[in-house]
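Just so you know, the sequence shown maps onto residues 1 to 158 in the UniProt record's numbering. Just so you know, even glycine gets a beta-carbon here, dropped at the ideal spot from N, CA and C. Predicted, not measured: the structure shown is a model, and the values here were computed from it.
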Amino acid sequence: MALALRDVDEVIGDYTGRSRVVLEYSRLMKTMVDAAKQPGFTVDSWAPVAALVNVAEFERVGNFKEVMSWPEYAAFLTAWASTSEWECSFRRITEAGGVVLLELEERSRVGDHTSVVNSATVYDFDEAGKITHLSVYLQMALPDPEMLGSYEGIGISG
Numbered sequence: 001m002a003l004a005l006r007d008v009d010e011v012i013g014d015y016t017g018r019s020r021v022v023l024e025y026s027r028l029m030k031t032m033v034d035a036a037k038q039p040g041f042t043v044d045s046w047a048p049v050a051a052l053v054n055v056a057e058f059e060r061v062g063n064f065k066e067v068m069s070w071p072e073y074a075a076f077l078t079a080w081a082s083t084s085e086w087e088c089s090f091r092r093i094t095e096a097g098g099v100v101l102l103e104l105e106e107r108s109r110v111g112d113h114t115s116v117v118n119s120a121t122v123y124d125f126d127e128a129g130k131i132t133h134l135s136v137y138l139q140m141a142l143p144d145p146e147m148l149g150s151y152e153g154i155g156i157s158g
């Protein structure tokens, strides 16, 4: 049975603690991706998202097993967001200990390319309640090889 999709804004009030932080992270990502098209948007514009993150300890393992620190991720997001449209719908969230698993349907458009993916992202937290690690897992159709160009120069883990 498929889970019903809902807007993150509809469900965020139902959650507290780390689950609420993860949902706020998702809401902020949408806000920032939209704002990235405005003049003057820079890596520093991600400060609202960075406030939820332990930037000194942060590590993101992405779609293609690429590993990024917070500064690398913020730079990547800045380049991506300035040319992309992105939105998501909530499927499910699960919290256990210092870990939250968020399942979304994510929709994006970069130029003429559109995609719809199912994502499951694992968020690890430190004792202070800051995000220290993201592991991103996707179900998607094979991407157009041209779309992979934005990953050039990004280290891929084994």
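- Per the C-alpha coordinates, the member of S89, K65 and V100 positioned closest to R18 is V100.
- Annotated three-state conformation of Y123 is strand, per DSSP.
- Secondary structure note for A96: its beta strand (DSSP E) is the uninterrupted segment S84 to A96.
- Here Y137 carries a strand assignment [DSSP, helix/strand/coil].
- Going by DSSP, R20 is part of the alpha helix (DSSP H) stretching over G17 to A35.
- Inclusion of Y25 and V49 in the CB contact set at 8 Å is warranted, their separation being smaller than that value.
- In this structure, DSSP gives T42 a state outside helix and strand, which the three-state scheme calls coil.
- Setting aside the 5 residues that flank it on each side, A81 is surrounded in the same chain by V33 and A36, each with a C-beta closer than 6 Å to its C-beta; the list follows chain order.
- For V49, the enclosing alpha helix (DSSP H) covers residues A47 to A50.
- When DSSP states are grouped into helix, strand and coil, L77 belongs to the helix group.
- R27 is a Cβ neighbour of D9, given a cutoff of 8 Å.
- With a 10 Å radius around the Cβ and a threshold of 16 neighbouring Cβ atoms, A74 comes out buried.
- Here the alpha carbons of V110 and V22 stand approximately 25 Å from one another.
- Note that the C-beta distance between L3 and R91 is below 8 Å.
- V55 is positioned such that its CB atom lies no closer than 8 Å to that of T78.
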